[in-house]
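Number of protein chains: 2
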Amino acid sequence: MSEGSNRNAKVEVCFTPGSYPVYKTDNSIVVIIDILRATSAICAAFEYGAAKMIPVATVEEAMEYKKKGFLVGAERNGMQLDGFDFGNSPLSYMTDKIKGQTIVLTTTNGTQAIEVSKDAYKVVIGSFLNMGALCNWLIGQNKNVLLLGSGWKDRFNLEDAMFAGAVVNEISKHKDFEDLGDSALAAKYLFQTGFKNPYRFLANSSHKERLAKLGLKDDVKYCLQVDKTNVIPVLENGVLVKMD
Amino acid sequence: MSEGSNRNAKVEVCFTPGSYPVYKTDNSIVVIIDILRATSAICAAFEYGAAKMIPVATVEEAMEYKKKGFLVGAERNGMQLDGFDFGNSPLSYMTDKIKGQTIVLTTTNGTQAIEVSKDAYKVVIGSFLNMGALCNWLIGQNKNVLLLGSGWKDRFNLEDAMFAGAVVNEISKHKDFEDLGDSALAAKYLFQTGFKNPYRFLANSSHKERLAKLGLKDDVKYCLQVDKTNVIPVLENGVLVKMD
């Protein structure tokens, strides 16, 4: 019997990195969520053969790695920064040149969420792309779960909340995950309302509009697909690797 | 023509006082929300004849006022504190002894939300009890609106989000209030999902359970009633008064 089985694990949702201090506990699995697009891009990169990914908070750190010869993705405000190999688009990682490579990544929001939670019991990466594998794994752990949305510059973000709700909806079907905090309840309701037609649900969302203006509709479409990979990226000593 | 008319005002929802710094603007009307129970109690107190209310953040400040002879309400963790005249129950303010009086109030969450936003362009008090009057007034102002939930110790709170969504739902029917942030969209969806049966919607919410354990079901029932008063409490130099 694994530690903590036969108990009711708590499921919480924290909508922004800035609120993480009030939700953090010593023994929660933290799921990092940045649907549009960092955590979708991370899942895609591992699915397409990346060996490791190093999330960094600042462009300066990313530049240092670039000088050392690493492949580096760097995005701010939706756009790839000049002088780097990738931005935040999952589609840009679908290339042979990432196979077996270590890729460094800094983004406006997603890597900030990893930064604030890096000392948690365990940190994993979630997106619609790996949702089924992630939920099955979470159910098997029977640990408290904290779904951490990346938001947009510490503001609430609709697509991250919807994905958090999708996970809550799925894992709370199991009797060990019935203890939902208010934000988990809200996220579940949002998912149940919105996911029948996510494009329409997100039609007026700030970030979808931001990406549409940047000509990134294909990215949005890709990021809302479910179960395109079984990869669960997990943070180990500050580096994301594929969970065995 | 009033300043700012014929423009699309922005409607935002900030779910917790801790997130206020990322949502604050110089020219928004801030609506303080603590449905269970501070803002419901404030509306009830004015409806039952209170002249002024002084919100204070700490028990120590409240005690100083008590020593000076003021009527003082003080609540922490759902319970009235010993040595004070009222707690946070709207029902407790339905008494002749408040008529014409200035009442000092400190609560776990609601008065904290007032404290963080006190320098805003305008701060008003919202609850289901004064919802119709509040929405009509907001529509007439044609200013940006920031609905500020009190949450529970800086965590997201379901009933505050639902009320924020009720206001968004109402004022966004008007063409001047169509620019909704993501959290306003989410709150609106939550209201639309939940308010047909708010008791069931809140059945598993943390705060409703907390109050039920304290024997305060009648408070919950009262606080979910719509349009029991036309009073709009407004903050003027740190003191809440009835808007003319």
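Chains as they are written, first to last, in numbering that gives the first Met the number 0: chain A, 0 to 243; chain B, 0 to 243. For glycine and all other residues, C-beta sits at the position ideal for the given N, C-alpha and C. None of these values were measured; they are calculated from a predicted model.
C-alpha of residue 205 of chain A to C-alpha of residue 71 of chain B: approximately 43 Å in a straight line. Taking all protein chains shown into account, residue 20 of chain B has fewer than 16 neighbouring C-beta atoms within 10 Å of its C-beta and is therefore exposed.
Rounded to the nearest whole angstrom, the CA to CA distance from residue 14 of chain A to residue 188 of chain B is 16 Å. DSSP assignment within the stretch 22-101 of chain A yields the following whole alpha helix (DSSP H) runs of 4 residues or more, N-terminal first: 37-46 and 58-66. Setting aside the 5 residues that flank it on each side, residue 163 of chain B is surrounded in the same chain by 12, 32, 146, 148 and 186, each with a C-beta closer than 7 Å to its C-beta; the list follows chain order.
Counting along the chain, residue 169 of chain A sits inside the alpha helix (DSSP H) bounded by residues 157-170.
Listed in chain order, the non-local C-beta contacts of residue 183 of chain A below 7 Å within the same chain comprise 10, 11, 12 and 167, local neighbours out to five positions each way being set aside.
With contacts defined as CB atoms closer than 8 Å, residue 92 of chain B and residue 25 of chain B fail to qualify as a contacting pair. Between the alpha carbons of residue 158 of chain B and residue 39 of chain B lies a distance of about 12 Å.
The C-beta separation of residue 231 of chain A from residue 132 of chain A comes to about 6 Å, placing the pair in contact by the 8 Å criterion.
Using a Cβ distance threshold of 8 Å, residue 123 of chain B and residue 28 of chain B count as a contacting pair. Annotation: Cβ neighbours of residue 152 of chain B in chain A (cutoff 9 Å, chain order): 21. For residue 114 of chain A, no beta strand (DSSP E) encloses it; the enclosing alpha helix (DSSP H) starts and ends at 109-116. Inclusion of residue 127 of chain A and residue 224 of chain A in the CB contact set at 8 Å is warranted, their separation being smaller than that value.
A Cβ of chain A is located within less than 8 Å of the beta carbon of residue 205 of chain B. DSSP places residue 175 of chain B in the helix class (H, G or I) of the three-state scheme. When 7 Å is used as the limit between beta carbons, residue 76 of chain B is near no residue of chain A, the shortest such separation being about 16 Å.
For residue 135 of chain B, there is no enclosing beta strand (DSSP E); the residue is found in the alpha helix (DSSP H) stretching over 130-140. Taking each of A:105, A:85, A:35 and A:69 in turn and checking the Cα distance to residue 201 of chain A, the smallest one comes out for A:35.
Note on residue 237 of chain A: under 16 other CB atoms within 10 angstroms of its CB, so exposed under the neighbour-count rule. Taken through DSSP and simplified to helix, strand or coil, residue 193 of chain A comes out as helix.
Taking 8 Å as the cut-off between beta carbons, none of the residues of the stretch 52-77 of chain B comes near chain A. What residue 185 of chain A touches in chain B, judged by beta-carbon distance under 8 Å, is 155, 157, 160, 185 and 189, going in chain order. Beta-bridge analysis with DSSP links residue 143 of chain B to B:27. By the criterion of a C-beta distance shorter than 8 Å, residue 173 of chain A is surrounded in its chain by 138, once the five residues flanking it on both sides are discounted. Chain order gives the chain A residues near residue 17 of chain B as 17, 18, 20 and 21, where near means a beta carbon separation below 9 Å.
Distances from the CA of residue 41 of chain B to each of B:78, B:69, B:125 and B:8 were compared; the closest alpha carbon is that of B:125. Among the residues facing chain B, residue 38 of chain A is not included, as its CB has no counterpart in that chain under 8 Å away.
In this chain, the beta strand (DSSP E) harbouring residue 9 of chain A covers 9-13.
Put simply, the stretch 96-105 of chain A touches the stretch 58-76 of chain A. At least three CB pairs are less than 8 Å apart. Note that the C-beta distance between residue 218 of chain A and residue 89 of chain A is below 8 Å.
A Cβ of chain B is located within less than 8 Å of the beta carbon of residue 14 of chain A.
In the DSSP secondary-structure assignment, residue 199 of chain B is not bridged to any residue.
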